[in-house]
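Engineer: Counting in this note's numbering, the sequence shown runs from 11 upward without gaps.
Idealized CB from N, CA, C, for every residue including glycine.
Computed from a predicted structure; not experimentally measured.
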Amino acid sequence: MKGTMVEWSDSLATGILWQDFQHAGLIARINRLHQAIIDKQAQSELRSMIDFLESYIENHFSMEERYMEVMHDPEIRGHARAHQQFRDNLRDLRNFEGTGAQLTAASLCYDLHEWITHHIRTIDKRLGRLIKEQDVS
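(1) Does the Cβ of ALA38 have 16 or more other Cβ atoms within 10 Å, making it buried, or fewer, making it exposed?
(2) What would DSSP say about TRP125, mapped onto helix, strand or coil?
(3) Tell me which same chain residues have a C-beta within less than 7 Å of the C-beta of ASN99, skipping the five on either side of it?
(4) Report, in whole angstroms, the separation of the C-beta atoms of GLU55 and LEU36, which I expect to be a contact under 8 Å.
(5) What's the gap between the Cα of GLN95 and the Cα of GLY88?
(6) Which residues mark the beginning and the end of the alpha helix (DSSP H) in which VAL80 is found?
(7) Rank HIS82, TYR77, ASN69 and MET81 by C-alpha distance to the C-alpha of ARG97 and give the top, closest one.
(8) Would HIS82 be called buried (16 or more neighbouring beta carbons within 10 Å of its own) or exposed?
(9) Looking at C-alpha atoms only, which residue of HIS129, ASP49 and LEU103 is the closest neighbour of PHE71?
(10) Given a threshold of 16 other Cβ atoms within 10 Å of its Cβ, counted over all protein chains shown, does ARG101 qualify as buried or as exposed?
(11) Is DSSP giving GLU143 helix, strand or coil here?
(12) Judging by CA-CA distance, which residue of LEU63, LEU27, LYS142 and GLY25 is the nearest neighbour of CYS119?
(13) Quick one: grab the DSSP three-state call for THR24.
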């Protein structure tokens with residue numbers, strides 16, 4: 011198992027500076043958690059990661075949703091639903107945080123990898139195109 015789980019690449023870029031900057035920061039944190047799992051240090055990193063994610067999603071998701079509202083994005087409900095599902099999953103994870111940190115951290119890494127490969131590459135890229143088309147960035 012290598013130390014980097016996800017690498018930032020053009021396939022993840024939306025072309026919206028603030029969004030790409032935040033996504034790259036998320037990827038760096040995912041890789042830090044992944045390395046902690048490899049090093050058998052998941053317990054110490056897991057709480058920090060969950061705290062980071064709670065702050066990140068509150069800021070990042072609300073910013074995306076504000077843009078969608080301003081642009082009258084017809085996909086806002088589906089996008090917001092995906093955000094809420096992520097919030098719910100994180101809340102559930104917080105409840106299991108104290109039990110089996112190694113397994114919980116591995117599960118979180120997997121979920122975040124799936125989120126990046128699907129949500130960012132499809133839903134957020136579509137939003138990025140819409141923001142550029144409407145020139146509201």
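Structural biologist: Taking the structure as given:
(1) Taking the sequence shown and counting its residues from 1, the one referred to as residue 38 is at position 28. Exposed is the call here.
(2) The sequence position of residue 125 within the sequence shown is 115, counting from 1. Looking at TRP125 - three-state DSSP - the assignment turns out to be helix.
(3) Along the sequence shown, one-based indexing puts residue 99 at 89. For ASN99, where only same-chain residues beyond five positions count, the Cβ hits under 7 Å are ASP121.
(4) What you label residue 55 is simply residue 45 of the sequence shown in a count that begins at 1. What you label residue 36 is simply residue 26 of the sequence shown in a count that begins at 1. 15 Å between Cβ atoms; not a contact.
(5) Taking the sequence shown and counting its residues from 1, one reaches residue 95 at position 85. Taking the sequence shown and counting its residues from 1, one reaches residue 88 at position 78. Spanning the two alpha carbons is a distance of roughly 11 Å.
(6) If you number the sequence shown from 1, residue 80 lands on position 70. Here the alpha helix (DSSP H) through VAL80 covers 52-80.
(7) Looking up residue 97 in the sequence shown gives position 87. Cα-wise, what sits closest to ARG97 is ASN69.
(8) Numbered from its first residue, the sequence shown carries residue 82 at position 72. By the 10 Å Cβ count, HIS82 comes out exposed.
(9) Walking along the sequence shown from the start, residue 71 turns up at place 61. Answer by Cα proximity: HIS129.
(10) Residue mapping note: residue 101 aligns to position 91 of the sequence shown, counting from 1. Exposed, by the Cβ-count rule.
(11) Counting from one through the sequence shown, the residue named residue 143 turns up at place 133. In the structure shown, GLU143 sits in a helix (DSSP, three-state: H, G or I).
(12) Mapped onto the sequence shown, residue 119 falls at position 109. For the residues LEU63, LEU27, LYS142 and GLY25, the minimum Cα distance to CYS119 belongs to LEU63.
(13) Mapped onto the sequence shown, residue 24 falls at position 14. Coil at THR24, not helix or strand.
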